[in-house]
Amino acid sequence: MADLHDLSVADLARRLKTKDVSAVETARHFLARGRAQSALGAYLAMDEEVTLAQARAADERISRGDAAPLLGVPLAHKDIFVTKDFPSTAGSKMLEGYRSPFDATVVRKLAEAGAVSLGKLNCDEFAMGSSNENSAFHPVKNPWDHSRIPGGSSGGSAAAVAARLLPVATGTDTGGSIRQPASFCGITGIKPTYGRASRYGMIAFASSLDQAGPMARSAEDCALLLSVMCGPDPDRDSTSLDMPAEDFGRSLDASIEGLRIGVPKEFFGEGLAPDVRAAIDAALKQYVQLGAKLVDITLPRTELSIPVYYIIAPAEASSNLSRFDGVKFGHRAKQYTDLVDMYKKTRAEGFGDEVKRRIMIGTYVLSHGYYDAYYLQAQKIRRMIADDFRQAFTQCDVIAGPAAPTVAWKLGAKSDPVANYLADIFTLPGSLAGLPGMCLPCGFGEGGMPVGLQLLGNYFQEAKLLNAAHRFQQVTDFHLRKPEGLQ
Ligand code: GLN
């Protein structure tokens, strides 16, 4: 059954439903692949018994003729989602071994749809990072070149999909963490409009930005998963939108004749590496052949999105992470003199450097005397960035550009945190505006590394993005290519 791991989610689901293959066989196949490629560092937790129990339950549902869309489909969750059946760490020593008493809403919805969980996937600590090197446990290697990073913070998810350890994984995107690792690992990922997927049980980083989404090989598979993941969660996430779940794959095959693709000039400036630019230009030409029209647009505050994001996200993080105090969850220092000393030692021991840096920046920008100068100012510019998009979407239907200025860099190459922050320039604007965004493979650059095309849509235009991506994938095969030597 060597080809099970090359099947799309859609094909696998069909074969499972017709009992061509059982959920248990499928689970065993992917568990074995995960174990065989443990050197990639993609997983933080696997538990064969738990997975096989879920697979057996899926097989029973299949025999009963249950019509759930993902029966027996294996996946794994970024370890930022809390799960009852596996430990939930957020890539942090603070939560090492932590067991949640409940499942995140997204996890629950996928389980109800019949998906079988293979475990938990590595990520940057509390999803803070662009390379996955901030995981407190171990880094993740890029399957295309083991000396390179997979991107972050959903690096484990992207690497696992690219190495075909599973057909699809969940990720989260606060400032690019689905789109950028998808770009670096040559896979497809989508982040929906802010508020479409429930944040309940997603360990909070920056609550006004955090969104869940699927990472898979194709837009078609992403659409299948996203349709299950989204929907209102009024009792548990007050920011989840009161919009019914949708079938995001409903218009995958629609023609894109006349689609107006906005090309922001700020995404093609000096900082863009020539190899990435060449792949993006070729993808845009492909879209023209498909009948789309390119429109020059401007997103004048693109550069400002870096300082704005790196004020707002740490501000929210400093507040969200105050809950990790040694009392309620996870790590507590062994030795301390009094309560305050316990807090200090617990947090000093439990958090890594990047998390501490962000807590300090966040606390600073929220403090009396600096709040107006930094936080409030950043909020105002955030609104202006959203207005720039509003303006742009009067001229175009979707926006296209690179997801990152370069291909994946070497492990250890960017030790300066600011160098990592700067590489987020193309994903941050869409995040700050709360827009849906996706990334799909569109070519190869330096060192044979994948390049991803980012597509941004107006609010609630996920189906349009997936349609545009699917049409591209019908005439190209970048999303089907495998790292050399991968079986
Ligand atoms: N790289 C960005 C950061 O470090 C985005 C991370 C994310 O989207 N979770 O904050």
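Here the sequence shown stands for residues 278 to 764, numbered as in the working numbering.
Don't be surprised by glycine CBs; every beta carbon is placed ideally from N, CA and C.
Note that the structure is a prediction, hence the values are computed from the model and not measured.
Residue i - containing beta strand (DSSP E), residue span
i: SER394; result: 393-398
i: GLY272; result: The question about residue 272 has no answer here: the residues shown for the chain are numbered 278 through 764.
i: HIS645; result: Per DSSP, HIS645 belongs to no beta strand (DSSP E) and is neither H nor E.
i: ILE675; result: Position check: residue 675 holds Val in this sequence, whereas Ile was assumed. From DSSP, the beta strand (DSSP E) with VAL675 extends over 675-679.
i: ARG537; result: 537-541
i: MET715; result: 714-721
i: PHE741; result: Per the sequence presented here, residue 741 reads as Lys, with Phe not at that position. Per DSSP, LYS741 belongs to no beta strand (DSSP E); it is in the alpha helix (DSSP H), 739-752.
i: ASP573; result: 570-574
i: THR465; result: 465-468
i: GLY490; result: 488-493
Assigned exposure category for residue i - 16 Cβ within 10 Å defines buried
i: MET520; result: exposed
i: LEU717; result: buried
i: HIS747; result: buried
i: THR671; result: exposed
i: LYS355; result: buried
i: VAL359; result: buried
i: ALA700; result: buried
i: THR614; result: exposed
i: GLU547; result: exposed
i: LYS741; result: buried
i: GLN738; result: buried
i: LEU616; result: exposed
i: SER692; result: exposed
i: ASP343; result: exposed
i: VAL695; result: exposed
i: LEU763; result: exposed
Rounded straight-line distance, which links the Cα of residue j to that of residue i
i: ASP674; j: ARG537; result: 5 Å
i: SER708; j: SER485; result: 9 Å
i: LYS605; j: THR623; result: 12 Å
i: GLY311; j: LYS397; result: 11 Å
i: GLU580; j: ASP362; result: 42 Å
i: GLY731; j: ALA304; result: A quick correction: the sequence has Gln, not Gly, at residue 731. Approximately 32 Å between the Cα atoms of the pair.
i: GLN654; j: VAL752; result: 45 Å
i: ASP380; j: MET479; result: 9 Å
i: MET323; j: LEU352; result: 12 Å
i: ALA745; j: VAL384; result: 27 Å
i: ALA279; j: GLU325; result: Residue placement at ALA279 cannot be trusted, given a pLDDT of 45 that sits under 50; what the coordinates show is reported in the next sentence. Computed Cα separation, rounded: 20 Å.
i: ASP288; j: ASP558; result: 32 Å
i: SER765; j: GLY349; result: Only positions 278 to 764 of the chain appear in the structure, and residue 765 is not among them; the question remains open.
i: ARG338; j: GLN331; result: 11 Å
i: ARG578; j: GLU373; result: 40 Å
i: ALA669; j: LEU576; result: 7 Å
i: ARG667; j: ASP573; result: 15 Å
i: MET405; j: ALA459; result: 16 Å
i: SER596; j: LEU643; result: 10 Å
i: THR447; j: SER532; result: 29 Å
Near the ligand GLN: residue i beta-carbon under 7 Å from a heavy atom
i: THR449; result: yes
i: ASP701; result: yes
i: GLY627; result: no
i: PHE482; result: yes
i: ALA446; result: no
i: GLY453; result: yes
i: MET715; result: no
i: GLY433; result: no
i: GLY429; result: yes
i: GLY466; result: no
i: SER340; result: no
i: ALA592; result: no
i: ALA404; result: yes
i: SER460; result: no
i: SER412; result: no
i: SER582; result: no
i: SER595; result: no
i: SER407; result: yes
Own chain, CB closer than 7 Å to residue i, minus 5 neighbours either side, in chain order
i: ALA610; result: GLY603, MET619, LYS622, THR623, GLU626
i: SER495; result: SER285, THR465, GLN750, HIS756
i: LEU443; result: PHE307, PRO351, LEU352, ALA353, LEU395, ALA437
i: PHE525; result: ALA500, LEU503, SER504, GLU739, ALA740, LEU743
i: GLY535; result: GLY568, LYS570
Other residues of its chain near residue i: CB distance less than 8 Å, five sequence neighbours each side excluded
i: ALA550; result: PRO682, THR683, VAL684, GLY722, GLU723
i: PHE403; result: ILE357, ALA367, GLY368, SER369, ILE480, PHE482, ALA594, LEU598, VAL632
i: TYR641; result: TYR647, TYR651
i: VAL301; result: LEU329, ALA332, ARG333, ASP336
Same chain only: Cβ atoms within 6 Å of residue i, ignoring 5 sequence neighbours per side
i: ILE658; result: LEU581, VAL585
i: GLY711; result: TYR471
i: ASP514; result: SER475, ARG476, TYR477
i: LEU733; result: ILE676, GLY707, LEU712, GLY714
Host alpha helix (DSSP H) of residue i (start-end)
i: GLY311; result: 300-313
i: ILE662; result: 654-669
i: LYS611; result: Per DSSP, LYS611 belongs to no alpha helix (DSSP H) and is neither H nor E.
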